[in-house]
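From first to last, the protein sequence lines stand for chains A and B. Per this note's numbering, the first sequence runs over residues 351 to 645. Per this note's numbering, the second sequence runs over residues 351 to 645. Glycine included, each C-beta is placed from N, C-alpha and C at the ideal position. A short worksheet on the structure shown next.
There are 2 protein chains.
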Amino acid sequence: MAEPPLFGRVALIGVGLIGSSLARVIKRDSLASEVVACARTQATCDRVLELEIVDHATTDPAAAAAGADLVMICTPLGVYAEVVAALAPELKPGAILSEVGSVKYTVIRDLAPLVPDGVHFVPGHPVAGTERSGPEAGFAELFQGRWCILTPPEGVDPGAVERVAELWRRAGMMIEIMDPEHHDQVLAITSHLPHLIAYTIVGTAADLEEQMKSEVIKFAAGGFRDFTRIAASDPVMWRDIFLNNREAVLEMLDRFTEDLTALQRAIRGGEGEVLQDLFTRTRELRRGVIEAKQA
Amino acid sequence: MAEPPLFGRVALIGVGLIGSSLARVIKRDSLASEVVACARTQATCDRVLELEIVDHATTDPAAAAAGADLVMICTPLGVYAEVVAALAPELKPGAILSEVGSVKYTVIRDLAPLVPDGVHFVPGHPVAGTERSGPEAGFAELFQGRWCILTPPEGVDPGAVERVAELWRRAGMMIEIMDPEHHDQVLAITSHLPHLIAYTIVGTAADLEEQMKSEVIKFAAGGFRDFTRIAASDPVMWRDIFLNNREAVLEMLDRFTEDLTALQRAIRGGEGEVLQDLFTRTRELRRGVIEAKQA
């Protein structure tokens, strides 16, 4: 006999890269008896129905959330408050409200007061992605072998946390429970600062005179192309990440800038040993990433 | 009847990623009647013979260059002068001396006086690579679809330039002729600065306290892993690049730092529009890279 699905009705609020990938996982493995998508535009609703990755689609968050056992918010952080305010009255007692945002401290601070009594709030962050966005960019294997960080507020029902954890495990993820502030510090260095720097250098190149700019594109294979890929990530999503993780990003940026200044001085002074020493140390960290199967 | 090979004897001085990849191309397509490798250690000589990508191998640059129609230097920039001083007396009249370095102006300035009369000096730079190094890391397809920049000094025989160009074309490359100083400016932004920044941020992470560092490795999938890959490139090769392209790298670094400071201010001030505007502009440059088939 087939296993019963993990959830009855699941509502995915936002079906971009993450939401649509999760929809595909749920469909593939029949993890819910019914999946409803909520998108900002009717065009996106039509698209996800054509893709056959959800059962229903609506532009109304409240209609999507009505009767759902799990509501998963997968929108940019900037519309979280608006979305939760709209759907909160429809959340049934015992429902789980979860989300996938890349920042946790401010998100929890702002959302927790909006969550009705009797609803379980389980914030999470599947650390996976590509530079592509939108429902067509999603794929079921996106999460395979990656980590999902859950940051449950104090006092939340452990059973609800476990059900969200199990959903991500079925998607192929490993689970880590973390404090929201610590999450934001770790992600500031592993994700937010790398994106900030990639956006900056691609912006620096975009400001070059036209002739030079066309050559930058032509000869991008020397390393620059990887930065253009990262800097092609969704602008609104990333705007909201920087606005919401300001303190941790600025702190890591300060450290980075200090290190960059030291390296600048070494280049100016022709200090080959300083350069070679750093370039050798960074290789070790790469080995760690490869060994952890996160390369 | 089979086409005659492009060259009689070819000497590859240095058989790391680039040299060993070129050896594989020459073997695959029989582009030379004889290929000899010169490596720093006997172990590397043994290895390239085992790999069957060259006909002979020696640790003596002069022995490798003796009787060669083409000598291609594929070592780090820092040993160029020493290598050329050693092999110059063996270069036969009409031979071509070429190289593959990532910096052109200082290289040409330092090497040109060492090249004997009657020898054609054709500096070049195949803009291709991976973060891996050594003879085992090479593969014949490395150059496919990428650009090779040649920076021939004034007065060099056009026939010799054309023969080097044809070799790289056979490896799958497109050819661009450029002024050495301009080459160094273009590469400063497309290759040298991206590597410098990647080395810096991975160094910043490596300096974090142990607990945090292990988490950085664990959650590298958020963007950081791409930087660790770039920062795993050969330390000696990259030390020499920064020491030899100092001026252009420092100039691009100044522009980058200015832009980063502006972005830092926007984050601090919560200026979402400034962020979103930049993040949208950088997407356009990515589209250019994809259209140019350099992604």
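Are the beta-carbon atoms belonging to L401 of chain A and R618 of chain B less than 8 Å from one another?
no
Taking the C-alpha atoms as reference points, what is the distance between G479 of chain A and A462 of chain B?
49 Å
With DSSP as the reference, label P473 of chain B as helix, strand or coil.
strand
Listed by chain order, chain B residues near T425 of chain A by CB distance under 9 Å:
Within 9 Å Cβ-Cβ: nothing; T425 of chain A doesn't reach chain B, min ~15 Å.
So that I know if they touch, is there some Cβ in chain A lying closer than 8 Å to that of H406 of chain B?
no
Interface residues of chain B facing I547 of chain A [CB-CB closer than 7 Å]:
I547 and I551
Close beta carbons around P503 of chain B, own chain, < 7 Å, minus the five adjacent residues each side:
Answer for P503 of chain B: I458, A462 and F471, listed in chain order.
With respect to the beta strand (DSSP E) encompassing L447 of chain B, which residues constitute its N-terminal and C-terminal limits?
I446 to E449
Give the interface partners of V599 of chain A over in chain B, defined as CB-CB distance under 8 Å, in chain order.
The contacting residues are I617.
Rounded to a whole number of angstroms, what is the C-alpha to C-alpha distance between A431 of chain A and L464 of chain A?
8 Å
Which residues of chain A have a Cβ atom closer than 8 Å to the Cβ of K568 of chain B, listed in chain order?
W497, E526, A642 and Q644
Let me see if you follow: with CB-CB separation under 8 Å, is V536 of chain A close to chain B or not?
yes
Measuring alpha carbon to alpha carbon, tell me which of A:P508, A:M524 and A:F606 ends up nearest H542 of chain A.
A:F606
Please list the terminal residues of the continuous beta strand (DSSP E) segment that includes E526 of chain A.
Note, E526 of chain A: beta strand (DSSP E), M524 to I527.
What are the start and end residues of each continuous beta strand (DSSP E) run of 3 or more residues lying completely inside the region 404–436 of chain A, in chain order?
406–408 and 420–423
I'd like to know if Q494 of chain A contacts chain B, where contact means its C-beta is closer than 8 Å to some C-beta of that chain.
no
Using a Cβ cut-off of 7 Å, which residues of the region 568–590 of chain A contact any Cβ in chain B, in chain order?
K568, F569, A570, A571, G572, G573, F574, R575, D576, F577, T578, R579, I580, A581, A582, P585, V586, W588 and R589
Nearest CA to the CA of A487 of chain B: which residue from B:D379, B:V429 and B:G369?
Nearest option by C-alpha distance: B:G369.
Between the alpha carbons of P439 of chain A and A510 of chain A, how many angstroms are there, rounded?
20 Å
Quick one: list the residues of chain B neighbouring G345 of chain A, beta-carbon separation under 7 Å, in chain order.
Outside the displayed span of chain A (351 to 645) sits residue 345 of chain A, for which this structure offers no information.
Does the beta carbon of A478 of chain A come closer than 8 Å to any beta carbon on chain B?
yes
Proximity winner among B:A582, B:A361 and B:L628, relative to T630 of chain A (alpha-carbon distances):
B:A582
Within-8 Å CB hit, M562 of chain B to chain A:
yes
At 8 Å on the CB atoms, spell out the chain A contacts of P544 of chain B, in chain order.
What P544 of chain B touches in chain A: I551, G572, G573, F574, D576 and F577.
Give the interface partners of S371 of chain A over in chain B, defined as CB-CB distance under 7 Å, in chain order.
Those do not exist, as S371 of chain A stays about 14 Å from chain B at its closest Cβ, beyond 7 Å.
Same chain, Cβ closer than 6 Å to L437 of chain A, neighbours up to 5 away in sequence not counted
P411, A412 and A415
Listed by chain order, chain A residues near G649 of chain B by CB distance under 7 Å
Here chain B covers residues 351 to 645 and nothing more, so residue 649 of chain B does not appear.
Whole-angstrom C-beta distance between C395 of chain A and A382 of chain A, which should lie under 8 Å
Contact flag wrong, Cβ pair sits at about 18 Å.
Less than 8 Å between the C-beta atoms of V398 of chain A and V365 of chain A, yes or no?
yes
I'd like to know if A382 of chain A contacts chain B, where contact means its C-beta is closer than 8 Å to some C-beta of that chain.
no
Where S483 of chain A falls: helix, strand or coil (DSSP):
DSSP places S483 of chain A in coil when its eight states are reduced to three.
What does DSSP give as the partner residue(s) for F357 of chain B in the beta ladder?
Beta-bridge pairing links F357 of chain B to B:A382.
Do you know offhand how far I580 of chain A's Cα is from H545 of chain A's?
Pairing I580 of chain A with H545 of chain A, the inter-Cα distance amounts to about 6 Å.
Pick helix, strand or coil for P401 of chain A, following the three-state DSSP scheme.
Before going further, note that residue 401 of chain A is Leu rather than Pro in the sequence given. Of the three classes helix, strand and coil, the one that applies to L401 of chain A here is coil, per DSSP.
Nearest to E531 of chain B (by Cα), restricted to the options B:T550, B:E559 and B:I499
B:I499
Look at the alpha carbon of D405 of chain A and the alpha carbon of E384 of chain A, and state the distance between them as a whole number of angstroms.
Between the alpha carbons of D405 of chain A and E384 of chain A lies a gap of roughly 6 Å.
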